[in-house]
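Residue numbers (our numbering): 1 to 146.
We put the beta carbon where it would ideally sit given N, CA and C, even for glycine.
As structure tokens, the structure follows; a few thoughts come after it.
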């Protein structure tokens, strides 16, 4: 994945890029047992000129309460960012892209009370957080694969 991102950036080295990481989840019921799919999307967005994305799906056995689900989504995105940033910095200059963590929370829905908490988690780890309606990496791209 790192080499694919690096190649994409090298195609147009003077363009502006955003690296976006976002996670979304979907609950499924199999009889009595609840199961949840978490999908993390990694998007390299060449601003105004297209994008490329990758995703991974993780299944977990129990359906958590909303707060736990949002924390898990946020922590999964942070984990991916922390794991890939060192390798990405070796392959692509950090000056070439802005890194954003997209969180599937917004000021109008049931997650509004959690915005400060999860944005604080992301910012406290040195990343920029985006929430709805700007969190398309989680709410659109990752959601497509849940």
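Neighbourhood of residue i by C-beta distance below 7 Å, restricted to the same chain and skipping five residues each side
i           : result
residue 123 : 129
residue 131 : 103, 105, 106, 115, 119
Distance between beta carbons of residue j and residue i, contact taken as under 8 Å
i           : j           : result
residue 23  : residue 73  : 4 Å
residue 120 : residue 112 : At roughly 15 Å, the Cβ-Cβ gap does not stay under 8 Å, so residue 120 and residue 112 are not in contact.
residue 38  : residue 58  : 5 Å
residue 67  : residue 15  : Going by Cβ atoms, the distance from residue 67 to residue 15 rounds to 39 Å, so no, they are not a contact pair.
residue 1   : residue 42  : 7 Å
Beta-carbon gap between residue i and residue j smaller than 8 Å
i           : j          : result
residue 100 : residue 20 : yes
Residues that DSSP places opposite residue i in a beta bridge
i           : result
residue 108 : The partner list for residue 108 (beta bridge, DSSP) is empty, contrary to what the question assumes.
Buried or exposed (CB count within 10 angstroms, at least 16 for buried), residue i
i          : result
residue 10 : exposed
residue 65 : exposed
residue 45 : buried
residue 69 : buried
Own chain residues within Cβ distance below 6 Å of residue i, not counting five before or after
i          : result
residue 47 : 16
Other residues of its chain near residue i: CB distance less than 8 Å, five sequence neighbours each side excluded
i           : result
residue 127 : 78, 81, 99, 100, 101
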